[in-house]
Amino acid sequence: NAGVTQTPKFRILKIGQSMTLQCAQDMNHNYMYWYRQDPGMGLKLIYYSVGAGITDKGEVPNGYNVSRSTTEDFPLRLELAAPSQTSVYFCASSYSSGRGNTEAFFGQGTRLTVV
Amino acid sequence: AQTVTQSQPEMSVQEAETVTLSCTYDTSESDYYLFWYKQPPSRQMILVIRQEAYKQQNATENRFSVNFQKAAKSFSLKISDSQLGDAAMYFCAYRSAQGGSEKLVFGKGTKLTVNP
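Sequences listed follow chains A and B, in order.
The numbering used here puts the first residue of the first sequence at -13, with every later residue one more than the last.
The numbering used here puts the first residue of the second sequence at 46, with every later residue one more than the last.
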């Protein structure tokens, strides 16, 4: 069972470079999320999507972009990487139908270092 | 906006003993979900237990149970018969039950150490 798959697991970027963090889920979940986790902190929401073609900003969206062209994929784009974006990034997905809601399933995270 | 507060950055417990991790939250909503997630050194986020706000009965999952006090907006996690494998970061999280607002809001976490 694949669940939520994130790639890459580790990456080092130079200041000003760009990259895309990939996230795919095979559970037919409608909701997908991107979080970042800084040392000693909880997870902060960057962007989320309630379905294909729909995205919305979370708590810390600056410096990032997302797209959701399919139900399965939710890539996170970093443009002009900055040291402040050094963090661990988590993708998650969940299913919601009306009031019902399931738990969020998480990928294994991407450790990104910007130098 | 909803907030989640975990006031204990670190906790420790002896193996086989019981420990309680605290969590409080702030919301104006009446319908929501609360979760405890475990994050071991592997970084994987693992759901430990969840509670639906409209249910008065406290959730239990084997050695894990919660004390949900809706009026006090408190949601503590009790781990009984602690095991070495319980050592991890524990995060409390809140999610609204209102459609379209289902963002998961996390506390800063509590690092649990289990001493042999």
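For glycine and all other residues, C-beta sits at the position ideal for the given N, C-alpha and C.
For A:Q94, the neighbours in chain B by C-beta distance under 8 angstroms run, in chain order, S87, R88 and Q89.
B:E60 is bridged by DSSP to nothing; it lacks a bridge partner. Between B:S127 and the set B:T63, B:Q114 and B:F80, the nearest pair of CA atoms involves B:T63. Assigned with DSSP and collapsed to three states, B:L92 falls in strand. Between B:I91 and B:F109, the C-beta gap is not smaller than 9 angstroms, which leaves the two residues out of contact. One finds L149 in chain B with Cβ atoms closer than 7 angstroms to the Cβ of A:A90, taken in chain order.
Between A:V36 and A:N51, the gap from beta carbon to beta carbon reaches 9 angstroms or more. No Cβ of chain B is located within less than 9 angstroms of the beta carbon of A:V46.
At least one C-beta of chain A is nearer than 9 angstroms to the C-beta of B:Q51. Distances from the alpha-carbon of A:P25 to those of B:L157, B:P161, B:S141 and B:M134 put B:M134 closest.
The beta-carbon of B:F113 is placed no less than 9 angstroms from the nearest beta-carbon of chain A. Residues of chain A with a Cβ closer than 9 angstroms to the Cβ of B:L157 do not exist, since the nearest Cβ in that chain sits about 15 angstroms away. For A:P(-6), the CB contacts under 7 angstroms within the same chain, skipping 5 residues up- and downstream, are T96 in chain order.
The residue among A:I1, A:Q94 and A:E58 with its C-alpha nearest the C-alpha of A:Y75 is A:Q94. Non-local C-beta neighbours of A:T6 in its own chain, meaning closer than 8 angstroms and more than five positions away in sequence, comprise P61, L62, R63 and L64, ordered along the chain. Looking from the CA of B:S67, the closest CA among B:S75, B:Y77, B:W81 and B:S73 belongs to B:W81.
Per DSSP, reduced to three states, the secondary structure at A:S53 is coil, with no helix or strand assignment.
CA-to-CA, the gap between A:C9 and A:Y34 works out to about 12 angstroms. Less than 9 angstroms divides the Cβ of A:V100 from the Cβ of A:A67.
By the rule that beta-carbons nearer than 9 angstroms mark a contact, B:L66 does not touch chain A.
Only D76, Y78, F80 and Y82 from the region 69 to 82 of chain B bring a Cβ to less than 9 angstroms from some Cβ of chain A. Look at B:K153: its C-beta is under 9 angstroms from a C-beta on chain A. Under the 9 angstroms criterion on CB atoms, A:L31 is classed as interfacial with respect to chain B.
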